[in-house]
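*Asks:* Please read through the structure below; I'll follow up with questions.
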């Protein structure tokens with residue numbers, strides 16, 4: 001086994017974070033308003049191979065280059081963003097909201113004299129129900145509808161080896177929709193299926209497909225295809241229950 005990514009303790013990561021903070025403040029001074037760590041470290045769930053992900057908020061009008069690199073035993077990502085843009089980003093809702101919202105909510109503060117992160121942590125919860133429904137409407141057209149079409153095409157042409165990959169795509173897309181419908185973000189990508197299965201509002205057929213994927217039971221291509229069709233039926237019934245209509249009766253132009 002290659003020695004990298006390297007094993008590092010939380011204490012070693014915190015020490016590296018402190019060094020990065022000191023270096024940034026020494027170079028940019030008052031141009032930097034806040035520095036915080038998100039991801040698994042921000043949630044205090046980091047493992048020995050977790051990377052370091054940092055928010056660096058600058059004054060409006062101050063542009064500092066971000067970086068993503070490997071240094072010694074550490075994988076480090078420094079996301080730099082101006083204050084107003086950070087606030088806008090934290091309030092945005094898109095199809096990846098259930099995956100990304102946690103990066104604005106769980107932040108380990110390492111420098112924040114103006115208490116910006118306390119404000120930022122509240123913003124993802126302020127998205128409106130109408131914005132969530134519109135996001136779900138658009139995403140249904142962009143992804144699941146297209147995915148089930150590909151599944152049917154490949155099943156009909158007997159390209160069965162594509163079905164496990166397509167099933168994963170459909171399940172992942174549905175997990176994002178479930179997070180949106182429940183206004184619930186996931187703690188990590190690695191636990192998205194597990195956490196989404198426990199949420200109250202979800203389409204029928206989802207748990208069965210997610211369980212098959214997590215267990216690696218994708219050899220029976222006919223069964224996989226049927227699981228996808230079951231979920232597609234469940235998705236449409238669920239949308240009806242939620243009052244989301246993604247079809248139009250007239251051409252939009």
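Residue numbers (my numbering): 1 to 253. Cβ coordinates follow ideal geometry from the N, Cα and C atoms, glycine included.
#1: I need the DSSP call for residue 73, collapsed to helix, strand or coil.
#2: Given residue 135, which residues of its chain have a CB within under 8 Å of its CB, disregarding the five upstream and five downstream residues?
#3: Rounding to the nearest angstrom, what Cα-Cα distance links residue 84 and residue 44 in this structure?
#4: Any chance the stretch 126 to 141 sits against the stretch 41 to 56, with 3 or more Cβ pairs inside 8 Å?
#5: Could you pull out every residue in the same chain whose Cβ sits closer than 7 Å to the Cβ of residue 104, ignoring the five residues on either side in sequence?
#6: When the Cα of residue 152 is compared with those of 226, 59, 72 and 33, which residue comes out closest?
#7: Measuring straight from C-alpha to C-alpha, what distance separates residue 21 and residue 177?
#8: For residue 46, is the classification buried or exposed, using 16 other Cβ atoms within 10 angstroms of its Cβ as the cut-off for buried?
#9: To test your reading of the DSSP string, which unbroken beta strand (DSSP E) runs of 3 or more residues are found completely within the stretch 23 to 59?
#10: My guess is that residue 167 and residue 218 are in contact by the Cβ rule of under 8 Å, so how many angstroms apart are they, rounded?
*Replies:* A quick look at the data gives this:
#1: The sequence position of residue 73 within the chain shown is 73, counting from 1. Residue state, collapsed to three classes: coil.
#2: Indexing the chain shown from 1 puts residue 135 at position 135. Counting only Cβ-Cβ distances below 8 Å, and skipping sequence neighbours, we find 93, 94, 95, 97 and 180.
#3: Looking up residue 84 in the chain shown gives position 84. Looking up residue 44 in the chain shown gives position 44. Answer to the nearest angstrom: the Cα atoms are 27 Å apart.
#4: no
#5: The count along the chain shown starts at 1 and reaches residue 104 at position 104. The answer, listed in chain order, is 90, 120, 121, 123 and 124.
#6: For the purposes of this step, residue 152 is identified with residue 152 of the chain shown, where counting begins at 1. If we check each option's Cα against that of residue 152, 226 comes out closest.
#7: By one-based count along the chain shown, residue 21 stands at place 21. By one-based count along the chain shown, residue 177 stands at place 177. Cα-Cα distance, rounded: 37 Å.
#8: Locating residue 46 in the chain shown gives position 46, counting from the first residue. Classification of residue 46: buried, given that the 10 Å Cβ count is 16 or more.
#9: Counting only runs of 3 or more, we get 32 to 38 and 52 to 58.
#10: Along the chain shown, read from residue 1 onward, the residue named residue 167 stands at position 167. Along the chain shown, read from residue 1 onward, the residue named residue 218 stands at position 218. The Cβ separation is near 7 Å, so the contact holds.
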